[in-house]
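Peer 1:
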Amino acid sequence: MPAVALEVSDVVKRFGDRTVIDGLSFSVPVGQVCALLGPNGAGKTTTMHMLLGLTLPTRGTITIGGRDLVHDRSRALARTNFTASYVQLSWRLRVRELLRVYCELYEVDDPAAAISDVADLLDLKKHLDRPGSSLSTGQQTMVLVAKALVNRPDLLFLDEPTASLDPERAVAVRRVLRQICDERAMTILITSHNMIEVERLADRILFLVNGRIAQDATAAELVERYGADNLEDVYLKVAEATR
Amino acid sequence: MTAVLEIRPRRVKGILLNNLYTLRHSPIRIAELFYWPFIEVVLWGFLSNYLRGRTQVPGGVGVFLGAVVLWDVLFRAQQELAMTYMMNMWDRSIVNLFSSPLKQVEQVLGDVLFSLGRVLIGTTFLVIFTKVAFDFSLLDTGRVLLPALLILLGFGWALGLAIRSAVMRFGSNAEVLAWSLAFLFQPVAAVYYPVSSLPGPLQPVAHAVPASHVFEAIRAFLTDGTVLTGQLVQAALLDVVYLALGAWILARSYRAVRVKGLLSRPGY
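Protein chains in written order, with this note's numbering: chain A, 74 to 316; chain B, 1437 to 1704.
1) Taking Cβ-Cβ distances shorter than 7 angstroms, what residues in chain B pair up with R173 (chain A)?
2) Looking at chain A, is there any beta carbon in it that lies within less than 8 angstroms of the beta carbon of N1532 (chain B)?
3) How would you label W1507 (chain B), buried or exposed, when you count the other beta carbons within 10 angstroms and need 16 or more for buried?
4) Quick one: using the 10 Å Cβ neighbour count with 16 as the cut-off for buried, is H122 (chain A) buried or exposed?
5) With a threshold of 8 angstroms, are at least 3 pairs of Cβ atoms found where one atom belongs to the stretch 266-282 of chain A and the other to the stretch 126-134 of chain A?
6) Roughly how many angstroms lie between the CA atoms of R257 (chain A) and R251 (chain A), to the nearest whole one?
7) Assuming contact is defined by CB atoms lying nearer than 8 angstroms, are S1648 (chain B) and A1642 (chain B) in contact in what I supplied?
8) Can you pull out the residues from the stretch 231-242 of chain A whose beta carbon lies closer than 8 angstroms to at least one beta carbon of chain B?
9) If you run the structure through DSSP and keep just helix, strand and coil, what is T210 (chain A)?
10) Listed from N- to C-terminal order along the chain, which residues in the stretch 257-281 of chain A have their beta-carbon within a distance smaller than 9 angstroms of any beta-carbon of chain B?
11) Evaluate T120 (chain A) with the Cβ neighbour count: other Cβ atoms within 10 Å of its Cβ, from every protein chain shown; 16 or more gives buried, anything less gives exposed.
12) Quick check on D289 (chain A): does DSSP put it in helix, strand or coil?
13) Q161 (chain A) touches chain B at which residues, Cβ-Cβ below 7 angstroms?
14) What whole-angstrom Cβ distance do A1513 (chain B) and S1551 (chain B) have, given they're in contact under 8 angstroms?
15) Looking at the C-beta of T1458 (chain B), does it have a partner C-beta in chain A at a distance below 8 angstroms?
16) For V216 (chain A) versus L295 (chain A), is the C-beta distance shorter than 8 angstroms?
17) Using a Cβ-Cβ cut-off of 8 angstroms, state whether G1590 (chain B) counts as contacting chain A.
18) So, do the stretch 1535-1549 of chain B and the stretch 1439-1459 of chain B have three or more beta carbon pairs nearer to each other than 8 angstroms?
19) Is there a Cβ of chain A sitting closer than 8 angstroms to that of V1603 (chain B), yes or no?
20) Which residues of chain B have a Cβ atom closer than 8 angstroms to the Cβ of R165 (chain A), listed in chain order?
21) Report yes if the CB atom of D227 (chain A) is closer than 8 angstroms to the CB atom of R146 (chain A), and no otherwise.
22) From L1581 (chain B) to F1474 (chain B), what does the alpha carbon distance come to, in whole angstroms?
23) Anything in the stretch 179-210 of chain A with a Cβ closer than 8 angstroms to a Cβ of chain B? List those residues in chain order, please.
24) Is the CB-CB distance between G1502 (chain B) and L1556 (chain B) below 8 angstroms?
25) Does the distance from the C-beta atom of V223 (chain A) to that of L262 (chain A) stay below 8 angstroms?
26) Any beta carbon from chain B within less than 8 angstroms of S147 (chain A)'s own beta carbon?
27) Give the residues from the stretch 1691-1703 of chain B that approach chain A closer than 8 angstroms (Cβ to any Cβ), ordered along the chain.
28) Is the CB of K1449 (chain B) under 8 angstroms away from at least one CB in chain A?
29) To which residues does DSSP link C107 (chain A) through a beta bridge?
30) Could one say the Cβ of A151 (chain A) lies closer than 8 angstroms to chain B's Cβ atoms, at least one of them?
31) Taking the alpha-carbon of L1469 (chain B) as reference, which of B:A1610, B:V1531, B:A1598 and B:V1505 has the nearest alpha-carbon?
32) Using the Cβ count rule (16 or more neighbours within 10 Å means buried), how would you classify E313 (chain A)?
33) Rank B:R1579, B:L1549, B:A1683 and B:V1676 by C-alpha distance to the C-alpha of A1653 (chain B) and give the top, closest one.
34) Counting only Cβ pairs nearer than 8 angstroms, list the residues of chain B close to G126 (chain A).
35) Excluding the 5 residues preceding and the 5 following A1610 (chain B) in the sequence, name in chain order all residues of the same chain whose CB lies nearer than 6 angstroms to its CB.
36) Who are the Cβ neighbours of A76 (chain A) in its own chain at under 8 angstroms, not counting the five residues just before and after it?
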């Protein structure tokens, strides 16, 4: 993969007369954990969906690992993965079956080993042969995270990934993600309203307001810049200033 | 263009596995494979028994049973291609599928292979059942049977592609098409009666439906062993047109929902 994992260049998204994303440009280097923050309606999820090829930009280009997402979607997404608090899997299937399906879709070399590895990593081994429908919401979220990691992605998109997890599990997921990033330079683009999560995980923060980047800095820089106590204070101040 | 048409077998296998696992855990989906065709065959079987000796039907009254079994091939092919998409929509797993490298063509191909398996199992069951219960063998349709099956499958898949497109574009409002679209064509598909018995203005419409040529060919073969090669070739060519149209509509819908940002909230 090139040194830049993700490049977004002058992206505009309009729904009818409404401009949701307005000339968005940024790039994420390989191995960086980048958080996309912003108040509701700032355009975070629309941006995320454009990066996943679910929504087409009105203008601009998105390249993943050097491949143009609009024109070469399948290859661009081959070394990525994704999970979000609002997506589901076919929970009537057993966990092992669910992961197997996604191993095939992402063309994982040794599905059995990949499933075993990710189950070990997320403490899911005892649930592998249970139907997804028999799991608690938190356990299902862990399976969604497992699905997102099963192909050992180079670039991981996370949209509120730990929203339905208890603090203990959320910490465990963050630890795993950080560990993978440090071990093999996985790049992450994450959106979250959990500022503690962002502060602990992200190397860099993009603050999105009205479809534009209002701030691009580290958490520490932002806290200093705004004379705030923590990232949550920064969040409130930026949101207030741009209202 | 080449990137669009480049098919990765592993991803097709992934879709096939997804369908097989889903079927394994859905007893109702297994039961419905046999239930409706069984009811239809029993009804038409009893009617055929009643008509036998009382009326003259070209090809014999058994032709009705053949029509029921072959109509089920078309209907099943159409419905399976629509249902496999809708099952993912109901499970809210569409976003995970569409954010993977999976291409539309791979997803459709996996679903087509799955529907082929379901059709083969269902049809085999009906062929055996109609022979045992009503002494009618679909295999008596001889050389016409294989092209007839292929053409009906093709037309069913073309309708299935159109339904997928509508469900993708209009969400759950369009689901009803999965149970109804094929029946819109049934009156002009010459399933139980010849095209010549239709009112004049409807006959050209019937000729534009591949299934009508198939059922005419089946009747002709059962009546006097004639193979209507021209009709079957015409039906096959019509199939190609309908399949191309179905694929085009699906591609248009896929683009439209991505422009409108609807793919991330399927079933809206």
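Note that the Cβ used here is the ideal one computed from N, Cα and C, for glycine as well. Note that the structure is a prediction, hence the values are computed from the model and not measured.
Peer 2: Taking the geometry as given:
1) Chain B residues near R173 (chain A): L1453.
2) Among the residues facing chain A, N1532 (chain B) is included, as its CB has a counterpart in that chain under 8 angstroms away.
3) With 16 or more Cβ atoms within 10 Å of its Cβ, W1507 (chain B) is classed as buried.
4) Classification for H122 (chain A): buried.
5) Counting Cβ pairs under 8 angstroms, fewer than three are found: no touch.
6) C-alpha separation (whole angstroms): 10 angstroms.
7) Against a cut-off of 8 angstroms, the Cβ pair of A1642 (chain B) and S1648 (chain B) comes out as a contact.
8) So the list is empty, because no residue satisfies the distance condition.
9) Three-state result, T210 (chain A): helix.
10) Answer in chain order: no residues at all.
11) With 16 or more other Cβ atoms within 10 Å, it is buried.
12) Correct three-state label for D289 (chain A): strand.
13) In chain order: D1527, R1528 and S1529.
14) A Cβ-Cβ separation of about 6 angstroms places A1513 (chain B) in contact with S1551 (chain B) under the 8 angstroms criterion.
15) It does: the Cβ of T1458 (chain B) has a partner Cβ on chain A nearer than 8 angstroms.
16) Result no, Cβ atoms of V216 (chain A) and L295 (chain A) do not sit closer than 8 angstroms.
17) Not closer than 8 angstroms to any Cβ of chain A, the Cβ of G1590 (chain B) fails to qualify, so no.
18) Yes, they touch.
19) Put simply, the CB of V1603 (chain B) is far from chain A, with every gap to its CB atoms at 8 angstroms or more.
20) Ordered by position in chain B, the residues that pass the 8 angstroms Cβ test against R165 (chain A) are T1458, H1461, S1462 and D1527.
21) With contacts defined as CB atoms closer than 8 angstroms, D227 (chain A) and R146 (chain A) fail to qualify as a contacting pair.
22) Between the alpha carbons of L1581 (chain B) and F1474 (chain B) lies a distance of about 20 angstroms.
23) Only those residues of the stretch 179-210 of chain A whose C-beta falls short of 8 angstroms from the nearest C-beta of chain B are listed: Y179, E180 and P204.
24) The criterion of a C-beta distance shorter than 8 angstroms is not satisfied by G1502 (chain B) and L1556 (chain B).
25) Note that the C-beta distance between V223 (chain A) and L262 (chain A) is not below 8 angstroms.
26) S147 (chain A) counts as touching chain B.
27) Residues R1691, R1694, V1695, K1696, G1697, L1699 and S1700.
28) It does; some Cβ of chain A falls within 8 angstroms.
29) In the DSSP assignment, the residues bridged to C107 (chain A) are A:L262 and A:R277.
30) Chain B, which has a Cβ nearer than 8 angstroms to the Cβ of A151 (chain A), makes this yes.
31) Answer by Cα proximity: B:V1505.
32) When all chains shown are included, E313 (chain A) counts as exposed.
33) Taking the Cα of A1653 (chain B) as reference, the smallest distance to any Cα among B:R1579, B:L1549, B:A1683 and B:V1676 is reached at B:R1579.
34) Result: F1534, S1535 and R1694.
35) Excluding the 5 residues flanking it on each side, A1610 (chain B) has same chain C-beta neighbours closer than 6 angstroms at A1602 and V1603, in chain order.
36) Here the set comprises P102 and V103.
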